[in-house]
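Working notes, beginning with the structure itself.
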Amino acid sequence: MGTQQDPAGVTVIGLGPMGRAMAGAFLDSGRPVTVWNRTAARADGLVARGATRAAGVEEALAANEVVVLSLTDHAAMRALLAPATAALPGRILVNLGSDTPERAREAARWLSGHGAHHLTGGVRSDPSGIGSPGSSTFYSGPGEVFHRHRETLEVLTAATHLGEDPGLAALYYQLGMTFFWTSVLGWLQTLAVARAHGIGAEDLLPHTETDSLAAVFRFYAPRIDAGDHSGDAERLSMEVASVEHVVATAEEAGVDTVLPSAVLALSRRGMAAGHAEASFTSLLRVLAAPASG
Ligand code: NDP
46 MGTQQDPAGV TVIGLGPMGR AMAGAFLDSG RPVTVWNRTA ARADGLVARG
96 ATRAAGVEEA LAANEVVVLS LTDHAAMRAL LAPATAALPG RILVNLGSDT
146 PERAREAARW LSGHGAHHLT GGVRSDPSGI GSPGSSTFYS GPGEVFHRHR
196 ETLEVLTAAT HLGEDPGLAA LYYQLGMTFF WTSVLGWLQT LAVARAHGIG
246 AEDLLPHTET DSLAAVFRFY APRIDAGDHS GDAERLSMEV ASVEHVVATA
296 EEAGVDTVLP SAVLALSRRG MAAGHAEASF TSLLRVLAAP ASG
């Protein structure tokens, strides 16, 4: 039997790169760790480091009060837990897989119907940042449960509790991912054009506009919140001409134009809606009213 000083054990279910990094961080912290994964071989390295391999999901749930889930999405969680609901009462499911805010709420309702608690987590790091206080995770769900287990959660990353609504952490996570994926594709598009001209990714780094983008956000954010889309600094008509040049430059380089063409299409919708003399930020009005079909 452990003493009161012994750290509580943790179960980790789902051992992709993220789940393996998480289970590894718990092992490094001296916690007893039980693991389970559909593809059992992914647990081998962790078992070699001292983790206990559960024979099945029910055994994994029974092993510890805190159960970290690192699965593809919430549908995977339901598929996996549905045959093991007898082991759910009293468990705290820390769901660190990505999904939508509404699906996070559904997951919380479903678990609560089976006597378990649900903490939604949105991890703002790749596996290399797990175990580092420089990384952070959004959590939402019951505050009392979060605060009681904060020390355990902070083995993984710094932890911020956003509120009781289980959808909140998923929302903030998806806001981050919306920015990440659209920006990162913008970067890849830029590199495709650069590479077609023999310019490498590292060659271009000093000329990548990340600092000036932050300044753009700081300048426009208060104006957007005030509903001010005036075209005193730039106009949408100028942007359309500029994006036409971006599309044509990609064409000249023999590079795919789907991405800049989508930007052009949105901008032209802004023009058609009467925003030619307004700032490009007026495209928020276009984005808020999706085109049908
Ligand atoms: P992977 O896709 O590599 O791993 C997914 C895990 O889910 C595997 O353990 C897989 O099992 C399991 N799984 C999927 N479907 C089922 C199912 N129906 N039944 C049982 N098990 C299932 O993902 P990652 O480890 O990279 O990421 C995990 C989560 O973390 C994802 O939601 C991801 O979006 C999120 N995330 C990932 C980051 C990253 O950089 N990798 C960063 C931030 C968040 P099996 O091994 O058998 O296939």
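Residue numbers (this note's numbering): 46 to 338. We put the beta carbon where it would ideally sit given N, CA and C, even for glycine. Treat the numbers as computed from the prediction; the structure is a model and nothing was measured.
With distances taken between CB atoms, is the gap from residue i to residue j smaller than 8 Å?
| i | j | result |
| --- | --- | --- |
| R268 | G221 | no |
| V139 | V113 | yes |
| T79 | A66 | no |
| G299 | A215 | no |
| V102 | A129 | yes |
| A321 | S282 | yes |
When you compare only the Cα positions, how much space is there between residue i and residue j?
| i | j | result |
| --- | --- | --- |
| G158 | R98 | 28 Å |
| H194 | V292 | 51 Å |
| L126 | T182 | 24 Å |
| M63 | G276 | 45 Å |
| G47 | G54 | Because the pLDDT at G47 is just 44, under 50, the model does not fix this residue reliably, and the point stays unresolved. |
| S287 | D301 | 18 Å |
| I58 | T117 | 11 Å |
| D144 | A121 | 11 Å |
| V285 | A203 | 42 Å |
| A318 | L233 | 30 Å |
| G315 | G179 | 40 Å |
| A132 | H162 | 13 Å |
| V200 | R280 | 48 Å |
| A149 | R263 | 31 Å |
| H206 | Y217 | 11 Å |
| G167 | T235 | 29 Å |
Since residue i contacts residue j with CB under 8 Å, what's their CB separation in whole angstroms?
| i | j | result |
| --- | --- | --- |
| E110 | G135 | 7 Å |
| A152 | H119 | 5 Å |
| L60 | A100 | Rounded, the Cβ-Cβ distance is 15 Å, inconsistent with contact. |
| L230 | L329 | Contact doesn't hold; Cβ gap of about 20 Å is too wide. |
| S324 | A259 | Contact doesn't hold; Cβ gap of about 18 Å is too wide. |
| V190 | I244 | Actually they do not touch by this definition, with Cβ atoms about 51 Å apart. |
| T294 | V238 | 6 Å |
| D73 | G176 | 6 Å |
Going by DSSP, what residue range makes up the beta strand (DSSP E) through residue i?
| i | result |
| --- | --- |
| A132 | It is not in any beta strand (DSSP E) - A132 carries neither H nor E in the DSSP assignment. |
| I244 | No beta strand (DSSP E) holds I244; DSSP gives it neither H nor E. |
| I58 | 55 to 58 |
Determine the extent of the alpha helix (DSSP H) in which residue i is found, giving its start and end residues.
| i | result |
| --- | --- |
| L207 | Here L207 belongs to no alpha helix (DSSP H), and DSSP marks it neither H nor E. |
| V292 | 281 to 297 |
| H192 | 188 to 193 |
| V80 | Premise fails: V80 lies in the beta strand (DSSP E), 78 to 81, not in any alpha helix (DSSP H). |
| T255 | 255 to 270 |
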